[in-house]
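**Q** Residue numbers (my numbering): 133 to 407.
The structure follows.
Spelled out as structure tokens, the structure:
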């Protein structure tokens with residue numbers, strides 16, 4: 133059954149305020165921002181962006197590195213991305229509610245899903261790129277706008293996949309184009325991270341990209357004693373470079389001004405990532 137905006141708004145309004153994260157506002161109306169308050173950049177997404185626990189290190193979400201590129205006297209990053217979630221399951225579990233409760237006019241809501249929306253065999257997560265995927269994404273856009281915040285759509289960061297000739301391959305099917313169409317229709321900024329990341333992987337090539345993704349030799353990490361070959365999630369260096377792509381796109385799409393950003397061309401040590 134199609135998810136209409138009226139039904140979605142009604143179900144969102146019915147979500148209990150108890151779902152709000154500790155320390156977030158629960159007032160129904162957005163609170164005015166003081167003149168010197170920082171803008172909060174909220175992230176709604178999946179494991180590619182999420183903050184990780186020490187037991188997952190060195191796996192790193194790009195949201196952990198985004199603050200390195202934002203002026204810290206102007207911005208705070210609130211990373212609500214969660215492993216394994218799709219646009220549907222994130223919403224259905226009530227995870228959008230505390231974000232909307234805390235949003236203030238002028239805040240940003242960055243929305244990047246797709247990896248788990250593609251798991252159509254799972255009714256809790258799967259969405260259709262032509263129907264339910266954009267319908268769920270609109271809930272994030274509408275919720276942010278109603279509170280005077282600015283929503284920003286991101287296409288899914290690309291996985292590491294190369295053909296025999298060493299050409300980086302797209303893996304997200306029709307989902308990135310669904311986000312592009314929705315951004316045009318809704319007139320919201322689009323950060324095309326699928327395009328920029330696959331271009332980066334192509335420049336680096338099959339071997340070098342292993343150091344960006346969570347590829348580990350046996351014994352290299354106590355959390356993965358048998359080693360790992362993960363072509364979806366990042367090590368610190370990969371997360372930093374994807375966050376750099378996001379920051380550059382924020383500038384290119386004029387979501388943020390040059391003075392709002394920093395270190396766009398600087399080398400960021402992997403040691404800056406902490407779990």
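By construction, the Cβ of each residue, glycine as well, lies at the ideal position given by its N, Cα and C atoms.
Just how far apart, CA to CA, sit residue 253 and residue 219?
**A** 15 Å
**Q** Tell me whether residue 282 sits in a helix, a strand or coil according to DSSP, three-state version.
**A** strand
**Q** Please list the terminal residues of the continuous alpha helix (DSSP H) segment that includes residue 222.
**A** Per DSSP, residue 222 belongs to the alpha helix (DSSP H) from 219 to 224.
**Q** When we look at the beta-carbon of residue 288 and count the other beta-carbons within 10 Å, is it buried (16 or more) or exposed?
**A** buried
**Q** Cα-Cα, which of 386, 285, 363 is closest to residue 348?
**A** 363
**Q** Rounded to whole angstroms, what is the Cα-Cα separation between residue 320 and residue 388?
**A** 14 Å
**Q** In its own chain, which residues sit with a C-beta less than 6 Å from the C-beta of residue 324, not counting the 5 before and 5 after it?
**A** 287
**Q** In this structure, does DSSP put residue 242 in helix, strand or coil?
**A** strand
**Q** Can you check which of these residues, 202, 194, 211, is closest to residue 174 by C-alpha distance?
**A** 211
**Q** To which residues does DSSP link residue 174 through a beta bridge?
**A** 210, 241
**Q** Under the rule that 16 or more other beta-carbon atoms within 10 Å means buried, what is residue 279, buried or exposed?
**A** Counting Cβ neighbours within 10 Å, residue 279 comes out buried, since at least 16 surround it.
**Q** Cα separation between residue 188 and residue 329?
**A** Using only the alpha carbons, I get a separation of about 23 Å.
**Q** Apart from the five residues on each side of it in sequence, which residues of its chain come closer than 8 Å, Cβ to Cβ, to residue 155?
**A** With a pLDDT of 32 at residue 155, under the threshold of 50, the predicted position of this residue should be treated as unreliable, though the coordinate-derived value follows. So no residue of the chain qualifies.
**Q** By a C-beta neighbour count over all protein chains shown, 10 Å radius and 16 as the cutoff for buried, is residue 186 buried or exposed?
**A** The Cβ neighbour count for residue 186, taken over all protein chains shown within 10 Å, is under 16; the residue is labelled exposed.
**Q** Give the range of the alpha helix (DSSP H) segment to which residue 334 is assigned.
**A** 325 to 340
**Q** Spatial neighbours of residue 215 within its chain, please: C-beta separation below 8 Å, excluding the five flanking residues on both sides.
**A** Only 178, 179, 182 meet the Cβ criterion.
**Q** Check each candidate in 190, 403, 171, 384 and name the one with the smallest Cα separation from residue 357.
**A** 190
**Q** What residues are listed by DSSP as bridge partners for residue 361?
**A** 347
**Q** Output the boundary residues of the alpha helix (DSSP H) element that contains residue 260.
**A** Residue 260 -> no alpha helix (DSSP H), and no H or E assigned at all.
**Q** DSSP state of residue 453, grouped into three classes?
**A** Since the first and last residues shown for the chain are 133 and 407, residue 453 lies out of range.
**Q** So, for residue 407: in the same chain, excluding its five sequence neighbours on each side, which residues have a beta-carbon less than 7 Å away from its beta-carbon?
**A** 184, 185, 186, 189
**Q** Distance check for residue 296 and residue 283, CA to CA, integer angstroms please.
**A** 39 Å
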